Amino acid sequence: MIYDVIGIGFGPSNISLAIAMEECGYQGSSIFLERNKNVLWQEGMLLDGSDIQNNPLRDLVTPVNPRSKYTFTNYLYETGNFFHYLNLGLHYPLRKDYFRYVKWVAEHFKNVRYDVNVTHACLRRDGDTLIWSLVANGQEYRARTIVLGVGRSLNVPQEFEESDNVVHLSRFLPAIEKLPTSAPIVVLGASQSAVEILLHLLGKGFERIYSVHRSFSFRLKDTSPFSDEVYFPEFVDYYHALPPEKRALMDWQVRPTNYSSADGDILHQLYLRLYELKQDGRQPLRILRNHRVAHVRNGSPITLALEEIYTGVSERLEADLVVLATGYVDFGRDGKKGMSSLLKEVSSAFRWSSNCLEVGRDYRVAYSDECQHFPALYLNGLCEATHGMGDAGSFSLVSVRARDILRGICENG
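Numbering of the sequence shown is given in the numbering used here, commencing with residue 2 and proceeding in unit increments.
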């Protein structure tokens, strides 16, 4: 069988696409392939008390169809939590609540195959046309269009390699399950996630925690409502029309709305907690500001050689675990850096401008002139380099993006 559309991955981005297909009455054949055994979203960061830093109305569908049965509001109603949630008085929903919401929506769809890991993507002929050929679990899947929604690649600094004692933040909770509270732990980075991880470790009673980052302090996130207009659909139109070099200038200006910064509430929580511990004669957390990692010696424990950026003073740390709160790599901004391994075989057919992948406003990858006959490829949640902060791994525009992708699929046949 040749599907009209195959979605690779079934996280929030492609779940939102599945909703759009159902609610607009899409008549084509479609299937979604998910490598995990069930829907997982930020499972390694479902920390007690953490929130999604996003308005609950910016869910999988409300911005394009507030009357949908798949809204977060309807999830609360259907699960009997509506009035209890109202009583919480939360500005942002709990991350655990949104995880359950995403899973609840996903369970409504039957055109999903779980535990199917797509390992290879290439082109093959079907008569006079080219189609996609995907290999997963030894089986071939064919499609006229694919929508890639697998999430961005992990940003692992070159000094490190992921192992049992070096984990990206996405694997944080499983990594600390069996560690004794006496185990020394290094948290690398100064992002929102880094601060949340430090608070979690303190709450669990860990006694030797090191926060290592290049900056002087944990920066306050830019939460101005004017700045947050970068998450408007109109900003996507504006940003996408800019040439790559102008987008880079804009990125520098709006970066604090999402990166290398943290919300004021958790910064105050951390500062208060450290003050309280100090008054109790305890200092389980040591913050090494203005430090860079000069060298790493793998082993158990792992050894980090640090250097103070301004004074040049060196120091060594030994840790049973290093948590990389270093975020994710932007797809298509620096050539093939961050590109999914699935696309590397066909990436030579893509169109590049100033070393940046060209992607249409409808999220369709542009091909070089000689490859215009290639089948359609859409990127769902991977286009920060061409579409701006709304594609920076948040729920902000997930429903609007899904609508635009589906519109492109329908218009292009």
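For every residue, glycine included, the Cβ atom is placed at its ideal position computed from N, Cα and C.
This one's a predicted model, so the numbers in the text were calculated from it and none came from an experiment.
Would you list the residues sitting across from residue i in a DSSP beta bridge?
i	result
Y379	V148 and R365
H296	A306
V157	V157 pairs with nothing; no bridge assigned.
L34	I9 and R114
W353	L358
Y211	V187 and R287
E319	T304
Q54	Answer is none; Q54 lacks a bridge partner.
With respect to the alpha helix (DSSP H) encompassing residue i, which residues constitute its N-terminal and C-terminal limits?
i	result
S183	First-last for S183: undefined, no H or E at that position.
A19	P13 to C25
T235	It is worth fixing the name first, because residue 235 is Glu in this sequence and not Thr. Looking at the DSSP string, the run of the alpha helix (DSSP H) that includes E235 is P234 to H241.
H92	Looking at the DSSP string, H92 is not in any alpha helix (DSSP H), and its letter there is neither H nor E.
L467	The requested residue 467 is not part of the displayed model; the chain covers only 2 to 414.
S194	Q193 to G204
R334	Premise fails: R334 is in no alpha helix (DSSP H) and is neither H nor E.
Just curious, the beta strand (DSSP E) that residue i is in, first and last residue?
i	result
D98	It is not in any beta strand (DSSP E) - D98 instead sits in the alpha helix (DSSP H) that spans R96 to A107.
G8	I3 to I9
W133	T130 to A137
Y115	V113 to Y115
R402	Not the beta strand (DSSP E): R402 falls in the alpha helix (DSSP H), residues V399 to N413.
D127	V119 to D127
R287	L286 to L289
V231	Run containing V231: none; DSSP gives neither H nor E here.
Relative to the alpha-carbon of residue i, which residue among the options has its alpha-carbon at the smallest distance?
i	options	result
N413	D49, G10 and D363	D363
I288	T63, K70 and V196	V196
C411	P13, G8 and Q28	Q28
V103	E277, Y368, F73 and F219	F73
G206	D264, R153, Q284 and P234	Q284
N112	M22, D405 and P245	M22
L58	S397, E208 and Y86	S397
N66	K97, L18 and H92	L18
R153	D405, E160 and G339	G339
L407	M2, L305 and S30	S30
H374	H85, D405, L131 and L275	L131
In whole angstroms, give me the CA-to-CA distance for residue i and residue j.
i	j	result
A144	N259	35 Å
V255	V231	8 Å
E309	L318	13 Å
S342	V187	30 Å
A191	Q270	15 Å
I32	I7	5 Å
W353	K345	14 Å
Y99	G389	24 Å
G416	G50	Only positions 2 to 414 of the chain appear in this structure, which leaves residue 416 out of reach.
L48	T224	22 Å
L383	D281	46 Å
C357	N138	32 Å
With three or more C-beta pairs closer than 8 Å as the rule, is the stretch 224-240 touching the stretch 312-331?
Verdict: no, contact absent.
Does the stretch 321-329 come into contact with the stretch 154-174, if we say contact requires no fewer than three beta-carbon pairs (one atom in each stretch) closer than 8 Å?
Taking a cut-off of 8 Å for Cβ pairs, the stretch 321-329 and the stretch 154-174 touch, as three or more such pairs fall below it.
So does the stretch 109-127 actually touch the stretch 34-41, counting three or more Cβ pairs closer than 8 Å?
Flag = yes, the stretch 109-127 and the stretch 34-41 touch.
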